[in-house]
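Working notes, structure below.
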């Protein structure tokens, strides 16, 4: 199967879930290409980018599809002719591009809706259009599906399928770390509002005042970095809260292996931005870390409150501190919850299961194409538009081929004429060389005879 992924930016350090899908599909023998709207601003630090030569498979377009006509993307669209299905990750610009390509070439497309793309100032009519023409819409949580069904209506909700994130569990060893005195609490996430980094520090501060032998280690970077630093200074937590910045996967795994508790106090940002299913929580559970997080969007689906960790209300730092304290003072509870978290991820969030479901979905969509008699007027209109655009594309390609052939023919004629001229020049040069040889022979002979006569006179 030839699958083309459409994403905002590739590769992107914080979107390992996209990379994981792509590499696993390639492992299963599928041909995967990537269309990236923007070039990356971060250095590629994931080994799979090089291992699978993914940059060679990536096309960068750096354009807003709403501002473009057909012609500027003709070369790109031509390269998509053999694609079986398009998978747009995020219901924003990637879905706009998927719709545009689908209308142009008649390739079915699927959208995976995540979080900010559906929560921040959603353009309802635009979403409806993209969802209407999508062969299927995927989302990762029950919470997201319920939200979209209410936002857009049950008609659109009926076409939404839940495929939960999966992780490569084999990359994570169960943390069987024995208590060694200092308890390390780990935060992993971009330093943005919805991740709650300042609330993590405030909750930690409430615990540190009572249990000093603890440390908060924060992996991630982002626009709130200065605010986070100021808060650490204000609360006099330097040396207790360690900012590690953005880190490659190898260092993230090392931090998880050395941690005792995972802490992510997610919340709804002022602009409406929210989490989907934080992959960092799944990875922490796979490592055997108990989790303290919040009752926020799909997090209660991945953290079983009281079994694999504890959940607190958003922004309630006192409740968070109590949950942290409960785990800090009870090493046996940490181990028990960590093992339960590992089992939970193995059962429900194994990437193999995720890709099985995705693969089946793609295959079913390609096998069960609509009959003309079952199509709505919108779908028929879309088919007519596809045929028209394909006709335009083929006409343009034919015209381009004819122009190239004419150029080749003209060039061949020029080369032929030049060859004839070269042959004539070769003949002239050969003739001149022959004449020169004769002239040289005559001159040498005359000089020789004159010398002989001169010698005879001298002798006599």
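In my numbering, the protein residues as written are 112 to 571.
By construction, the Cβ of each residue, glycine as well, lies at the ideal position given by its N, Cα and C atoms.
Test item: CB-CB of residue i and residue j under 8 Å
i           : j           : result
residue 460 : residue 282 : no
residue 305 : residue 395 : no
residue 300 : residue 378 : no
residue 128 : residue 147 : no
residue 456 : residue 434 : no
residue 294 : residue 371 : yes
residue 302 : residue 262 : no
residue 383 : residue 231 : yes
residue 310 : residue 409 : no
residue 297 : residue 421 : no
residue 312 : residue 330 : no
residue 201 : residue 225 : yes
residue 376 : residue 431 : yes
residue 572 : residue 165 : Look at the range of the chain in this structure, 112 to 571, and you will see that residue 572 is not part of it.
residue 418 : residue 451 : yes
residue 277 : residue 462 : yes
residue 216 : residue 241 : no
residue 389 : residue 405 : no
residue 195 : residue 469 : no
residue 444 : residue 413 : no
residue 267 : residue 239 : yes
residue 259 : residue 273 : no
Status (buried if at least 16 other CB within 10 Å, exposed otherwise) for residue i
i           : result
residue 542 : exposed
residue 471 : exposed
residue 516 : exposed
residue 130 : buried
residue 117 : buried
residue 192 : exposed
residue 144 : buried
residue 286 : buried
residue 566 : exposed
residue 531 : exposed
residue 519 : exposed
residue 135 : buried
residue 482 : Confidence is the limiting factor: at residue 482 the pLDDT is only 44, short of 50, which leaves the residue's position unreliable, though a coordinate-based value still follows. Result: exposed.
residue 179 : Here residue 179 scores only 45 on pLDDT, less than 50, and its place in the model is too uncertain to base an answer on.
residue 183 : Confidence in residue 183 is poor, its pLDDT being 43 and thus under 50, which makes the residue's placement unreliable; the coordinate value appears in the next sentence. Looking at its Cβ environment, which holds fewer than 16 other Cβ atoms inside 10 Å, residue 183 is exposed.
residue 290 : exposed
residue 250 : buried
residue 428 : buried
residue 154 : exposed
residue 385 : buried
residue 484 : The predicted position of residue 484 is uncertain, since its pLDDT is 44 and thus under 50; a value taken from the coordinates is nonetheless stated next. Exposed: under 16 other Cβ atoms inside 10 Å.
residue 391 : buried
residue 235 : exposed
residue 203 : buried
Range covered by the beta strand (DSSP E) that runs through residue i
i           : result
residue 144 : 142-149
residue 472 : Premise fails: residue 472 lies in the alpha helix (DSSP H), 462-478, not in any beta strand (DSSP E).
residue 329 : 325-330
residue 114 : 113-120
residue 198 : 196-200
residue 171 : 169-171
Identified DSSP bridge partners for residue i
i           : result
residue 131 : According to DSSP, which records beta bridges pairwise, residue 131 is partnered with nothing at all.
residue 375 : 404
residue 272 : 249
residue 420 : 402, 416
residue 157 : DSSP, once it has assigned bridges, lists no residue as partnering residue 157.
residue 297 : 328, 373
residue 222 : 199, 248
residue 349 : 352
Enclosing alpha helix (DSSP H) for residue i [first to last residue]
i           : result
residue 399 : From DSSP, residue 399 is part of no alpha helix (DSSP H); its letter is neither H nor E.
residue 456 : 442-459
residue 363 : 360-369
residue 204 : 204-216
residue 344 : 336-345
residue 438 : 428-439
residue 355 : Looking at the DSSP string, residue 355 is not in any alpha helix (DSSP H); the run it does join, the beta strand (DSSP E), is 352-356.
residue 309 : 308-319
residue 280 : Neither: residue 280 is in no alpha helix (DSSP H) and is coded neither H nor E.
residue 230 : 227-230
8 Å Cβ cutoff, residue i in contact with chain B
i           : result
residue 124 : Among the protein chains of the structure shown there is no chain B, as only one such chain exists.
Inspect the CB distances between the region 236-246 and the region 354-369 and report whether three or more fall short of 8 Å.
-> no
Count the C-beta pairs between the region 429-449 and the region 398-416 that are closer than 8 Å, then say yes if the count reaches three, no if not.
-> yes
Any 3 or more C-beta pairs closer than 8 Å across the region 307-319 and the region 335-347 = Contact holds: three or more Cβ-Cβ distances are below 8 Å.
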